[in-house]
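First to last, the sequence lines map onto chains A and B.
The first sequence begins at 11 in our numbering and counts up one residue at a time.
The second sequence begins at 11 in our numbering and counts up one residue at a time.
2 protein chains.
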Amino acid sequence: MNGIKVIIFDDNDSLRDSVAMLLGESGDFTLVGGYADCLDVRNNIRNTKPDVVIMDIDMPGINGIEAVRVIRNNFPTVQVLMLTVFDDDEKVFAAIKAGAGGYILKNAEPQNLLHAISEVYNGGAPMTPGIAKKVLHQFHDMLPEEKKDYHLSMREKEVLGLLVEGYSYKMIAGKLNITYDTVRAHMKKIYEKLHVASMTEAVAKAINQKLFPTK
Amino acid sequence: MNGIKVIIFDDNDSLRDSVAMLLGESGDFTLVGGYADCLDVRNNIRNTKPDVVIMDIDMPGINGIEAVRVIRNNFPTVQVLMLTVFDDDEKVFAAIKAGAGGYILKNAEPQNLLHAISEVYNGGAPMTPGIAKKVLHQFHDMLPEEKKDYHLSMREKEVLGLLVEGYSYKMIAGKLNITYDTVRAHMKKIYEKLHVASMTEAVAKAINQKLFPTK
DNA sequence: GTATCCATTACCAAACTTGGTAGTATCCCT
DNA sequence: AGGGATACTACCAAGTTTGGTAATGGATAC
Chain A
11 MNGIKVIIFD DNDSLRDSVA MLLGESGDFT LVGGYADCLD VRNNIRNTKP
61 DVVIMDIDMP GINGIEAVRV IRNNFPTVQV LMLTVFDDDE KVFAAIKAGA
111 GGYILKNAEP QNLLHAISEV YNGGAPMTPG IAKKVLHQFH DMLPEEKKDY
161 HLSMREKEVL GLLVEGYSYK MIAGKLNITY DTVRAHMKKI YEKLHVASMT
211 EAVAKAINQK LFPTK
Chain B
11 MNGIKVIIFD DNDSLRDSVA MLLGESGDFT LVGGYADCLD VRNNIRNTKP
61 DVVIMDIDMP GINGIEAVRV IRNNFPTVQV LMLTVFDDDE KVFAAIKAGA
111 GGYILKNAEP QNLLHAISEV YNGGAPMTPG IAKKVLHQFH DMLPEEKKDY
161 HLSMREKEVL GLLVEGYSYK MIAGKLNITY DTVRAHMKKI YEKLHVASMT
211 EAVAKAINQK LFPTK
């Protein structure tokens, strides 16, 4: 008994058997658990201490994505590999958001599953090509645009930054040790440069154009 | 001469030769061009009509990421596969933003390069495990948070939405055909529910919690 | 049916924001 | 040395926002 310890959650009994056989033959993996539902994930993991969890999505009771969240919150070192028939954006992204470390479709070659398990165990991110494409494309669309430069001076950025954090003119003056009127002077310049005419517009623009790391 | 038509941009002559040999032996690919710089990308592609472009990043003259942008803007059907030594987040994400369809490190196995070329040609997104991990993790961090529910009423959401767009109380009153004082009443409730005490904070919170599709 | 939430309006007084104009001082560039 | 950008200060007047408290009618919930 050695190698990477794996457990699987899938309500399809014969699939669990196939995986068990596959892992058994390989020699590099040990299947230390197999369950048809996620009703008792926490205990299942506490008892078996796996390195990698193979997780289906559509199961009776608690669904696999919820289970991933639970696992990642309670056992941060355990890697989760999704193994499912679903390839719709919503499920894929939800699984990643929940903390899955890889996403393989059930129609993949058995050999690829073994490879994916070691990869996810070694900190990689195995994905079937179609999934990788989805992720890459979505990722592409989400990357920040070339951010416009409004030529704000250092001081102006500082003031705007505080404004975004909810500070009033008076508070900003206090924070920066300058007078209220100086803050006003900066604000006037900022409004001019951003082409806005109120605090709310300035804040909205600053956040939307990602002028600051607000989150 | 048949198979997938490939051209390569890389200032390392011997690497170009190796790739040429590799592709030649495989039978499934045809190298129809090899260039040490991207000074004339557009013509290079117009003349060779490749299916896939293999692109280095660090080259004299125009850098590979800029070149990807040019290619994707002018020849949207041509797939670009990055083949470079760089694995820092900045370059990886920049390449993806520029439109690269795959990203392979130069230390990968030759066999994997061939596989990656067909994959990118077939609409996949080949990445070396480390790159896939970077992308997945960044992607994970960028996916929208579970959005909190502040139990805003319809009307309150409407008012807050306008506020985020830069409207003043008075303007909101006009837009919604209600009195100024009614707007004020809604605002008071909103502040209470959002736990804020000024327009700027409300706007910042609304945008950051993605309560509205602002962008 | 009575309690609770929602949308609406109203008024007061205090505090805050905005646009205008105007001046001083420093630093960098040519 | 002069031109230009930046940082700072100041005052006025008009307009806006905020926190109170209070009241009405409608809808929904138990």
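Backbone N, C-alpha and C define an ideal beta-carbon position, used for all residues, glycine too.
Alpha-carbon spacing of residue i relative to residue j, whole angstroms
i      : j      : result
I81/B  : H147/A : 17 angstroms
V16/B  : R56/B  : 13 angstroms
S36/A  : I127/A : 12 angstroms
G109/B : K116/B : 19 angstroms
D66/B  : G43/A  : 45 angstroms
I106/B : N84/A  : 33 angstroms
H226/A : G134/B : The first residue shown for chain A is 11 and the last is 225, placing residue 226/A beyond what the model contains.
V29/A  : M152/A : 36 angstroms
P139/A : S24/B  : 30 angstroms
F149/B : G34/B  : 37 angstroms
N54/B  : I64/B  : 13 angstroms
V78/A  : V78/B  : 37 angstroms
R26/B  : P154/B : 42 angstroms
Contacting residues, own chain, Cβ-Cβ under 8 angstroms from residue i (five flanking each side not counted)
i      : result
P86/B  : none
M181/A : L172
E166/A : H196, K199, I200 and K203
M169/A : Correcting the residue identity first, residue 169/A is Val in this sequence and not Met. Within the same chain, V169/A has close Cβ partners I182, L186, V193, H196, M197 and I200.
G184/B : none
K59/B  : K15 and V42
Own chain, CB closer than 7 angstroms to residue i, minus 5 neighbours either side, in chain order
i      : result
K144/A : D99 and V102
V130/A : V62, Q89, L91, G111, G112 and P136
P120/A : L32
F222/B : G171, V174 and A216
Y160/A : K203 and L204
R52/B  : V80 and N84
V206/B : A212 and K215
Chain A contact residues for residue i, given Cβ-Cβ distances below 8 angstroms
i      : result
H150/B : I106, K107 and G109
E211/B : G176
S36/B  : In chain order: nothing, as chain A lies at least about 19 angstroms away.
Beta-carbon neighbours of residue i, restricted to chain A and to distances below 9 angstroms
i      : result
P139/B : E129, N132, G133, G134, A135 and P136
A77/B  : Per Cβ cutoff of 9 angstroms: no residues; A77/B is ~17 angstroms from chain A at best.
9 angstroms Cβ cut-off: residues of chain B touching residue i
i      : result
F103/A : F149 and L153
A126/A : Correct list: empty, because the minimum Cβ distance to chain B is about 10 angstroms.
L221/A : Within chain B, no residue comes near L221/A; the closest Cβ sits about 12 angstroms away, beyond 9 angstroms.
Test item: CB-CB of residue i and residue j under 9 angstroms
i      : j      : result
S163/B : K199/B : yes
I141/A : D97/A  : yes
L93/A  : L123/A : yes
M69/A  : A46/A  : yes
Partner residues on chain B for residue i, Cβ-Cβ distance less than 7 angstroms
i      : result
K143/A : G133, G134 and A135
L146/A : I106, A135 and V145
Proximal residues to residue i (C-beta, below 6 angstroms), its chain only, five neighbours per side dropped
i      : result
G13/A  : D38, F39 and T40
A118/B : T138
Chain B contact residues for residue i, given Cβ-Cβ distances below 8 angstroms
i      : result
A214/A : V174, E175, G176, V213, I217 and T224
**Message:** Under 8 angstroms, with one C-beta from each stretch per pair, do the segment 67-75 of chain A and the segment 18-29 of chain A reach the 3-pair mark?
**Reply:** Contact between the segment 67-75 of chain A and the segment 18-29 of chain A is present: three or more C-beta pairs spanning the two stretches fall below 8 angstroms.
**Request:** Assess, as a yes-or-no matter, whether the segment 170-178 of chain A is touched by the segment 199-216 of chain B under the definition of 3 or more beta carbon pairs within less than 8 angstroms.
**Result:** Counting Cβ pairs under 8 angstroms, three or more are found: they touch.
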